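Student: In my numbering, the protein residues as written are 124 to 425.
Each residue gets a CB set at the ideal place from its N, CA and C atoms; glycine is no exception.
Since we're looking at a predicted model, the values are computed, not measured.
1. May I have the straight-line CA-CA distance separating residue 412 from residue 336, to the nearest angstrom?
2. Find out if the Cβ-Cβ distance for the pair residue 182, residue 247 is shorter than 9 Å.
3. With a threshold of 7 Å on Cβ separation, who are the neighbours of residue 228 within its own chain once the five nearest residues in sequence on each side are excluded?
4. Helix, strand or coil: which one does DSSP assign to residue 351?
5. Using three-state DSSP, classify residue 415 as helix, strand or coil.
6. Give the C-beta separation of residue 152 and residue 269 to the nearest angstrom, bearing in mind that I take them to be a contact with Cβ-Cβ under 8 Å.
7. So, helix, strand or coil for residue 135, using DSSP?
8. Alpha carbon to alpha carbon, what distance is there between residue 187 and residue 379?
9. Mapping the DSSP letters down to three states, classify residue 327 as helix, strand or coil.
10. If we count the other Cβ atoms within 10 Å of its Cβ and call it buried at 16 or more, is residue 348 buried or exposed?
11. Name the one or two DSSP bridge partners that residue 300 has.
12. In whole angstroms, give me the CA-to-CA distance for residue 222 and residue 184.
13. List the residues that DSSP assigns as beta-bridge partners of residue 73.
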């Protein structure tokens, strides 16, 4: 089984647009996942928007105050560095689960437990569903919660438990270069980096390439909306040549992408779309790299 992850280094490059199109094109793909758990939207481009949370995700602990035991001494609020305790109640959004309040609390129950103590807290949800494009796994965080890297590992693990002999799994990774990206790319076979011709796009590409190389053996680049700045697109190509990263294609700016997103369909479904045609060419080249070992093995057997 091959695992292909689509990354971008920054938000807004068109990563999910490309990912949705590749999922639609890839006959080998029977399973896919959206690892952008802060704002998952891959399902919107694949007409799979009726997903429901199936499991609660407990990312970390938060404090809870038992008023029947509380002495109202105020020590918990005094020592809380996050101002998460006000009027003898815990403000869940501010609580970081550090447990200082539990340590300093003098009130104990019969079992020696503090009046204020930590409990597992629901910080998000996960979902695994069968769609017309294959088995789909995703998750999303509750507003104001963190630990997205751990949730991504759970999302990928949930999919791994259910798949059997799928030839290709496509992962729509998180934007940026932080912990969520590391959780998205770990253990994959190939990373496709979607770049954009802007200064920030070039800068972030130069950050994500060395990061990706630590976690996956192969990577390649495609440049989205390349015609918005051909000069910067050339600089991105020059950088890729220096780093020996193959550029699989240049995707033009195309209003059909907006139409496709609004209709909940990948742009490759539009036969006359310049962007769709470019993504098809990217997929052809990507396939040759993804399944090169398999093809060579068949040639040797024959």
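Tutor: In brief:
1. Taking the straight line joining both Cα atoms gives about 16 Å.
2. Contact annotation: residue 182 and residue 247 have beta-carbon atoms nearer than 9 Å.
3. Excluding sequence neighbours, residue 228 sits near 198, 199, 237, 238, 239.
4. Helix at residue 351.
5. Helix, per DSSP.
6. In fact, because the Cβ distance is near 31 Å, the residues do not count as touching under 8 Å.
7. When secondary structure is reduced to three states using DSSP, residue 135 falls in the coil class, being assigned neither helix nor strand.
8. About 51 Å.
9. Taken through DSSP and simplified to helix, strand or coil, residue 327 comes out as helix.
10. Per the 10 Å Cβ criterion, buried.
11. DSSP output for residue 300 lists no bridge partner at all.
12. The straight-line gap from Cα to Cα measures roughly 9 Å.
13. The question about residue 73 has no answer here: the residues shown for the chain are numbered 124 through 425.
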